[in-house]
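Every position in the sequence shown, counted from 1, becomes a number in the working numbering once 156 is added.
Cβ atoms here follow ideal geometry from the backbone N, Cα and C, with glycine treated the same way.
Since the structure is predicted, the reported quantities are computational estimates derived from the model, not experimental observations.
Worksheet: the structure to be examined is printed underneath.
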Amino acid sequence: MATVTERVAPPQVRQTQCFIDGEWVPAASGKMFDTVHPATEEVVAQIAEGDQEDVDRAVRAARNAFDHGEWSKMDACERGKLMARLADLIEAESDELAALETLDNGKPISDAR
157 MATVTERVAP PQVRQTQCFI DGEWVPAASG KMFDTVHPAT EEVVAQIAEG DQEDVDRAVR
217 AARNAFDHGE WSKMDACERG KLMARLADLI EAESDELAAL ETLDNGKPIS DAR
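Set out below in structure tokens:
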């Protein structure tokens, strides 16, 4: 039988919208869905329910950013530096990301890290 060995402080859910074209935006449909902690059945957050229209907008924005943005003009060294910076930012938030994963699907915090 599994036992709880570590308590997880509930993280602050910062955004619950779709990230499209550099902005947090509601789903085009306006629909939301609950994400529920499986152990307590408590609603952790309400999340924008993106659909095909949102995916299409995001893909168009990504294609435009790639075709006309800075990323495709950078050399591999510059891209590598940015990817390393992204990894550092993710690492800095690893405890909060692990806590969110645990609340969302019940995974043990040790596995989420």
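- If you draw a 10 Å sphere on the C-beta of Ile176, you find 16 or more other C-beta atoms in it, and that means buried.
- For Thr191, there is no enclosing alpha helix (DSSP H); the residue is found in the beta strand (DSSP E) stretching over 188-192.
- Under the Cβ criterion (8 Å, minimum of three pairs), the region 180-193 does not count as touching the region 232-246.
- In terms of Cβ geometry, Glu205 and Ala184 do not form a close pair [threshold 7 Å].
- Annotation note: the region 170-234 contains the following uninterrupted beta strand (DSSP E) runs of length 3 or greater, listed N- to C-terminal: 174-176, 179-181, 188-192, 199-204.
- Secondary structure note for Glu252: its alpha helix (DSSP H) is the uninterrupted segment 250-261.
- Counting every other CB atom within 10 Å of its CB across the protein chains shown gives Asp210 a total of 16 or more, marking it as buried.
- Ala201 is not a Cβ neighbour of Val181, given a cutoff of 7 Å.
- For the pair Ala254 and Ala268, the CB atoms are nearer than the 7 Å cut-off.
- Minimum Cα-Cα distance from Gln171 among the listed residues Arg216, Ser266, Leu256 corresponds to Leu256.
- The Cβ neighbour count for Leu259, taken over all protein chains shown within 10 Å, is at least 16; the residue is labelled buried.
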